[in-house]
Each structure stands twice: as C-alpha cells, then as structure tokens.
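*Asks:* These protein sequence lines map, in sequence, to chains S and A. Mind the numbering: the first sequence is residues 1 to 404 in our numbering, read in order. Mind the numbering: the second sequence is residues 1001 to 1404 in our numbering, read in order.
Number of protein chains: 2
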Amino acid sequence: MSRARLPDAVVERGVEGKKIVLFVLDGLGGLPRPETGLTELETAHTPHLDALARLSSLGALIPVSPGITPGSGPGHLSLFGYDPVEYVIGRGALSALGVGFDLRAGDLAARLNLATLDGEGRILDRRAGRPSDEEGRRIVEKIRGGLEPPEGVEVFLEHEKEHRVALILRGKGLGADLEDTDPQATGVPPLPVRALDQESERSAALLEDVLGQMRAIMEDEPAANGVLARGFAAYEGYPGFLERYGLRALAVAQYPMYRGVARLVGMDVLDIPADPPGLVNVLERHFQDYDFFFLHFKYPDSRGEDGDFQEKVKAIESVDPLIPRIVELGPEVLVVTGDHSTPATFRAHSWHSVPVLLASPWARPSGVRFGESECRTGDLGTFEGKHLMALALAHAGRLAKFGA
Amino acid sequence: MSRARLPDAVVERGVEGKKIVLFVLDGLGGLPRPETGLTELETAHTPHLDALARLSSLGALIPVSPGITPGSGPGHLSLFGYDPVEYVIGRGALSALGVGFDLRAGDLAARLNLATLDGEGRILDRRAGRPSDEEGRRIVEKIRGGLEPPEGVEVFLEHEKEHRVALILRGKGLGADLEDTDPQATGVPPLPVRALDQESERSAALLEDVLGQMRAIMEDEPAANGVLARGFAAYEGYPGFLERYGLRALAVAQYPMYRGVARLVGMDVLDIPADPPGLVNVLERHFQDYDFFFLHFKYPDSRGEDGDFQEKVKAIESVDPLIPRIVELGPEVLVVTGDHSTPATFRAHSWHSVPVLLASPWARPSGVRFGESECRTGDLGTFEGKHLMALALAHAGRLAKFGA
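#1: Is there a Cβ from chain S that is less than 8 angstroms from the Cβ of Ser1366(A)?
#2: Using the DSSP secondary-structure output, state which residues sit across from Pro1355(A) in a beta bridge.
#3: Considering only residues of the segment 1228-1299 of chain A, which uninterrupted alpha helix (DSSP H) runs meet the minimum length of 4 residues and lie entirely inside it, listed in chain order?
#4: In whole angstroms, what separates the C-alpha of Arg259(S) from that of Ser72(S)?
#5: Using a C-beta cutoff of 8 angstroms, does Val64(S) count as contacting chain A?
#6: Run through DSSP, which three-state label would Ala1195(A) get?
#7: Might you give, ordered along the chain, the residues of its own chain that have their beta carbon closer than 6 angstroms to the beta carbon of Leu329(S), omitting 5 neighbours on each side?
#8: Can you tell me where the alpha helix (DSSP H) holding Asp177(S) begins and where it ends?
#9: So with CB distances below 8 angstroms, who are the chain A contacts of Pro420(S)?
#10: Let me confirm a value: Gly1119(A) is counted as buried when at least 16 other C-beta atoms fall within 10 Å, else exposed. Which label applies?
#11: Just verifying my parser: in three-state terms, what is the DSSP assignment at Arg3(S)?
#12: Quick check: is the beta carbon of Val1010(A) nearer than 8 angstroms to any beta carbon in chain S?
#13: Taking the alpha carbon of Gly1121(A) as the reference point, which residue from Leu1250(A), Arg1230(A), Phe1292(A), Ala1223(A) has its own alpha carbon closest?
#14: If you compare alpha carbons, which of Val327(S), Glu219(S), Phe297(S), Leu334(S) is closest to Lys314(S)?
#15: Determine the closest residue to Leu1357(A) out of Glu1284(A), Arg1369(A), Arg1138(A), Val1210(A), with distance taken between C-alpha atoms.
#16: Please report how far the alpha carbon of Ala96(S) lies from the alpha carbon of Thr69(S), in whole angstroms.
#17: Look at the alpha carbon of Pro324(S) and the alpha carbon of Asp1301(A), and state the distance between them as a whole number of angstroms.
#18: Taking just the CA atoms, how far does Leu1242(A) sit from Glu219(S)?
#19: Taking all protein chains shown into account, decide if Lys1161(A) is buried (16 or more other Cβ within 10 angstroms of its Cβ) or exposed.
#20: Would you list the one or two residues that DSSP bridges to Ser1341(A)?
#21: Would Asp1339(A) count as contacting chain S if we go by Cβ distances under 8 angstroms?
#22: Could you tell me the distance, in whole angstroms, from the CA atom of Ala251(S) to the CA atom of Ala363(S)?
#23: Does DSSP put Ile1168(A) in a helix, a strand or coil?
#24: Of the residues that make up the segment 1368-1380 of chain A, which ones have a beta carbon closer than 8 angstroms to any beta carbon in chain S?
#25: Can you pull the chain S residues whose beta carbon is under 9 angstroms from the beta carbon of Thr1382(A), in chain order?
#26: So Trp351(S) contacts chain A; which residues on that side make the cut at Cβ distance below 7 angstroms?
#27: Please list, in chain order, the chain A residues whose beta carbon lies closer than 8 angstroms to that of Phe309(S).
#28: Leaving out the 5 sequence neighbours to the left and right, which residues in its chain are closer than 6 angstroms to Asp107(S) when beta-carbon positions are compared?
#29: If you compare alpha carbons, which of Gly152(S), Gly17(S), Arg13(S), Gly29(S) is closest to Val347(S)?
#30: Between the alpha carbons of Gln1198(A) and Leu1191(A), how many angstroms are there, rounded?
#31: Can you give the Cα-Cα distance for Gly307(S) and Gly81(S), rounded to whole angstroms?
#32: Apart from the five residues just before and just after Tyr1255(A), which ones in its own chain have a Cβ nearer than 6 angstroms to its Cβ?
#33: Closer than 8 angstroms, CB to CB, is Leu1453(A) near chain S or not?
#34: How is the alpha helix (DSSP H) around Val1319(A) delimited, first residue to last?
#35: My guess is that Leu1058(A) and Glu1384(A) are in contact by the Cβ rule of under 8 angstroms, so how many angstroms apart are they, rounded?
#36: Hey, does His1296(A) have any beta-carbon neighbour from chain S nearer than 8 angstroms?
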C-alpha cells in the first residue's frame, strides 16, 4: 500500500502548465470475438488513437489486483491513485454519491430499501413491489415533509431508483459500526439498529429515532409502509487532488456515480451532454482553468453489458475523431484507458486488464496501434491501476526525484 | 499483504460445478541451452499443451517476489494463494510436513540434527558423521523406545533423512519464541533452550526435559550421542480452502512434502503412483467429488536438480499426452504451471519466473505455444504467485464484483 503513497513525497507543487488529461472509456477492455480473434477495441476503426499510440507508452492496467473485478467506485479510485482496498467506499456512501449527493467528511450514510410490512410489522416484500421511480420519489418527498431531525444532526434523504433510497446523517462523532436492519428475509420484522462499538451507540439511537419517524409517516401507504437499512458507512474524507498532487482538477462526466467519485477526491464537477463532442467542448472551454481533466465516457461499458459487440465497437469509434482536438490543446500528458474491462462476450464487468495509452513527449513507444495485443507488450508493462497517477505525474514533469 | 486476502471478501460460496484443476509441474521453469536458445519446456515436444496455450491466457509467475528462490513449501503456499511471507512455515514445521506428519494447530515443531559430542559435552560433528538413513532411523527408534513424555504433552519424533529429524510437541499453550540450541560451531557445547518471551517459558522447560532424556538414551552411541535443535515454530493453523475459497479440494501428490502443504490448507490428500497417468486416473475417479484439484508431478524438478537437460525435457513431454484427458473432464479452469524454476543448467531451484497457462472460456489468448518466451508477453503479465488463485477463481466465475 505504501507504494501508492509514494507520489505524496515527491510531488512538485505550483507547477504551471503541464496539464494532464485522463480520458476514461468506461469498460474499455474486451475479449476477442472467436471469428476474428480481435477484441472490440482491436475491431474498431480508430486511426487517430492508433496514430497517437505510435507516439505513446502503452501498458495493460489491472484495476485492483489480478482476478478482481471492480465496481465503478473502486475502478475509478484506482485510476485516481487511491488504492481501492485501502479507500473502501461503503454501499451507503456509494448510494449517496450515485445520486450526486455532496457527501462530506464525517457523514454517516446508509442504503434504504422501501419495503412492505404486514399488520404485525413482519416483512412481506423487501422491495415494496418495486415502485416506479415517480412513486419512489413521491414517498421520499412525503417522508421529508414530516421528518423532524433529532437534536444535533441534519438528515438527508435522496431517492435513487425504484425502491432504493440513500439516507445521510450529518453531525459530529457519528460512529458507523452498525448492523443492517435488513434481515435479508421475509416473514420476520426488520432488525433494530445495533451498535457494534461504543462510538456507534449514539448513531444507533439517532437512527432508531429517524427510522421510527419514517415508519409513522409511511404507515398509511399501501405498499411502501416500511424501510430496511444496510451498508452503514462513515465517509472519512479523502485527501484531495490538490492536497495530494498539487493539481486543480476538473471532472467532466455525465453520470452521477462518476461525478460523485470525482467529487470525493476533490475535483470540480461539471454536468455535460452525453455525446463525446460535448466532453471536448467543455475541455476546450475550461482548459486554462485547471491542471487535470477527467473525461468520462460511459457507452463502451453500457454496450458491453448489453452483450452487443458491434455497438461497443461503434461507441469506441465515436471517440476517435475527438483525439486530434484534445491533442491540439497541448496537454503534457494524455492518458486513454478504462476503469475496467466489460467484454461484450462476457456481458459484465470483468477482471481482465485494460489497455492504456499514455501520450507524452517522454513516452517510450512500442506499438503501432491501440489495442489489448499491443498494450500487453507495451513499455509500461502490466501494472496495478493505483500506479497510473504516478506515471501521469512523472510524464508531466510533476514529480521530483525520490532520494538524493 | 491485504491484497492477497482480498478474494476472501468477494468469494462466491456454494457454486456448483465450475471446477478448477491446478497441474503443478515441479520446477517447470528453465533457462535456455546456449546451443539452441531454447529452455527445457521450449525444447520439449508438447503438441497438446501448445494447442491448449492457443486458447489460454498466458503469463509469467514470480513465486514469491523478484529474485527470491522459494523452497517447496513457500512455492506451493504461494500457488495456493497464501502469501508465503505472511504464512511463514518454520523449518521445524516444514520438516514435519516433509515426512508426512499430520501437523495440527498449536503443535510446536523443531528440526533436530543428530550430532557427535566429546567427553566434555562439546560438539565434535554437527551432523554425527552423516549417518545412513537406516542408521538414522535406528537411532530415532531407540530414542522413541526410551522417551517418557513430560506431563501434559505428546512428543513425536520423525526421522527425515541422514542426520535430520523432526521433533513435534503437542499440547496446550506451547509458545515457540525459542532460541536454537545449535551454536552453528564445533568445540562448544549445545546451547540451552532459551525462551524469548514469557509464553515460551513452559515450552523451554519441557524441551529441556525432552532433550535431556534424549541425550541420556543416546549416551552410549559412538557417533550420534547428541542432538542440536533449531527452527522452533508453532504451527498456527491456516484458514483452509473451504473457508477461504468455498472449494472442496483434493490433492493428488506422491511426495510427503506436497501432501503436507496441501493438508495444511485443508485439502483432502491421496497417495498415488508416481507416473503421470496415475495422476489423471485419480482425477477421473474423483472428479465429481471435489471443486478443486491439485495435481503434483515431481520429475521436472528432480531432473533439473540433476542438471540433466534432456531428461527434464522428457519429464515434461511425459505429461503432454494427459492434457486431452483432463480437458475431456470439462473443468471450467485448467492451470498448468510450476512452483518455481529449476533450470537444468543451474542444477537447483531458482528465482526465475515460471510459465503459466490458464485455460478457460474467459481466457484472452495471446500465444501459439507453451514456453517462457510466449508466456512473458502473455495477457496475465508477470505477476506474483499469490495472485494465481484469484485469477483461477475469477475465470471459474467464483468471485463477485468488488465494490459497487
């Protein structure tokens, strides 16, 4: 773990210019289609990425560690240089991030499910018949209207999707070593909020108050008349990009999850149109204002999860024409990679390594095109994602010598 | 180190089918013969392994860490996913394992050397003139016949080879922070058993009793009239394959050492004929009864230690015809690799990486044959052995996503 922290010690502060662009094509890595032996990226017609690859250091990035399939949170933390095993994000915090909630250090977060209870308070349906988003939002609004925050805390309730809601308590000294109230079974009542250490006892009492008020407010609802809580997590606050790397960072991402993770590490966050040109328009507009730019493009992952090889190819191809516009801006370093692989044949996130291209005047080129086959023999080797930031900073002339 | 433990958190339990076969060709990795530039494996005619390699992910496995030459114990622990730096097996415990002793959690083990003392009790020969195995066994039998275990412990004595003997004390609360009695010099008497912490003081007293009895029993021996003890180690008990990975595991290995390490990690262990077809006969017979199979084939290592390049080639070739029979059984994952390199030109275990072949429907193939040259540019990259199990589990669909 200490290795991921090395950059802290050698980071050069106050460097002017020498900008870094990290372009994440979500789920970029793939598996070959048997007919051709070529992956999605290798099938795609990407003349600009290939030309850039000839001037770049290439490598194969392992998001977490060999064999481990990351969710989006850990995958991005790793790209940002935060060891995702060390910086674990609880489900509650992820839920809050996923709806773009501005989570702050010390916040206690949980994932709630709206549920249906019978007359005796026993669980009939752990998902309240999967309400529509509209219905879910209506119930959350109703609870908000009636809820009185206990003394000393603020309470936030954010609807996510269907029966899923994020609950956040903000206050001082809120321990989060708490057992789920969701018994993961029907026919039994929800469990009480139980503290597993002394620091969490006040949190347990506050949550019993809040959950009790919720149940009273929801009492007359036909379906969603109860809640189940799980994944209690305190968000500790991460050292941000400015503190760790001396980088003023901007995130350009459309989906709440990615905006949320970027905000966790101290990036400014902009909401942008989903189409790739929109990403670069924003980059052009703000290029002078920041040192680091995280551009997120979701569709290769989505099409991979659909199992649609050809559409994933097209999603990758849609990005290619933007490359000259980014290069034109003159960043010192341009990294193109993914947060994990989502092979269309596999229809899900996977553990396979992800191709990386790192363009810089100090690259050591080895290949003629951007694809898994060339990247696996690239100069950067096969390396864990948490090291990517150190490589980017080094190529941007933003790391000093380690030791004399 | 926590990284090697990550799989614990994401292991899927109760998965049916999706079997994993780990075929260890001991000492597989080699060095090229100058005349051809080809290693033993690359020289061998292995059409079935090569055909399998074309459908497999390839890689280069570093048994412990770069430059470290492992013994058989650490080499295998690493393959089984137990960081051998974290899970240290003391020399005493290894000795016990090496003779197939059924080591249990809490046992205190030591390696003994039979030695020759002079009339004043000073060491004349630290190896008692290297007695024959027969002579060594006779002396161990004699000691066993006269020894009275101190109150509250069982005492086991197992002859290993020549002057080497394993001593095991079984009882409650036996601390093992003890200094060697072997002064590593002649002309001085053996040292007393000295405890380095309070928990080990009772062990020291018990050992003084046992070693004193031994010296008395051996008094009239012309050569082996003393013992030197070193490598005191308590065996703590390891979490087993079922607990860590949800795998019912079977080991098919002929030599006591490998059976011993397999038993340490909770595998069922079968004794089998030494010839390769015997391994696969057993696999076929028990394929329905287990989830994971460890097959061990010793001869590439033995011939490498002999310095016999051509015989190591033949040992590897003898395995090749078995591959179709293993594939025919339909495991989800078949891994072929070694626990370390034993280059015939080097005549010993070495630190060089070991070729790995991982066959699975989710492999990302990159090469056309199984050998060091192709494996070093394989999709798995160069990785530490402790990650192999996570890779095998992932390819077998036995790991859940890490984080949301």
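Backbone N, C-alpha and C fix where the C-beta goes; we use that ideal spot for every residue, glycine too.
*Replies:* Let me lay it out:
#1: yes
#2: Ala1060(A)
#3: 1241-1245, 1256-1264, 1276-1286
#4: 11 angstroms
#5: yes
#6: strand
#7: Phe287
#8: Note, Asp177(S): premise wrong, no alpha helix (DSSP H); not H, not E.
#9: This structure leaves residue 420(S) out entirely; chain S is present only between 1 and 404.
#10: exposed
#11: Residue confidence for Arg3(S) is low, a pLDDT of 44 falling below 50, so the modelled location carries little weight; the figure read from the coordinates is stated next. Of the three classes helix, strand and coil, the one that applies to Arg3(S) here is helix, per DSSP.
#12: yes
#13: Ala1223(A)
#14: Phe297(S)
#15: Arg1369(A)
#16: 22 angstroms
#17: 54 angstroms
#18: 45 angstroms
#19: exposed
#20: Leu1028(A), Ser1350(A)
#21: no
#22: 25 angstroms
#23: strand
#24: Thr1377, Gly1378, Asp1379, Leu1380
#25: Gly381, Thr382
#26: Ala1394
#27: Neighbours of Phe309(S) on chain A: none; closest Cβ ~15 angstroms, over 8 angstroms.
#28: Ile168, Arg170, Tyr235
#29: It is worth fixing the name first, because residue 347(S) is Arg in this sequence and not Val. The candidate whose alpha carbon is nearest that of Arg347(S) is Gly29(S).
#30: 19 angstroms
#31: 30 angstroms
#32: Lys1298
#33: What the structure shows of chain A is the stretch from 1001 to 1404, and residue 1453(A) is not part of that stretch, so it cannot be assessed.
#34: 1309-1319
#35: Going by Cβ atoms, the distance from Leu1058(A) to Glu1384(A) rounds to 16 angstroms, so no, they are not a contact pair.
#36: no
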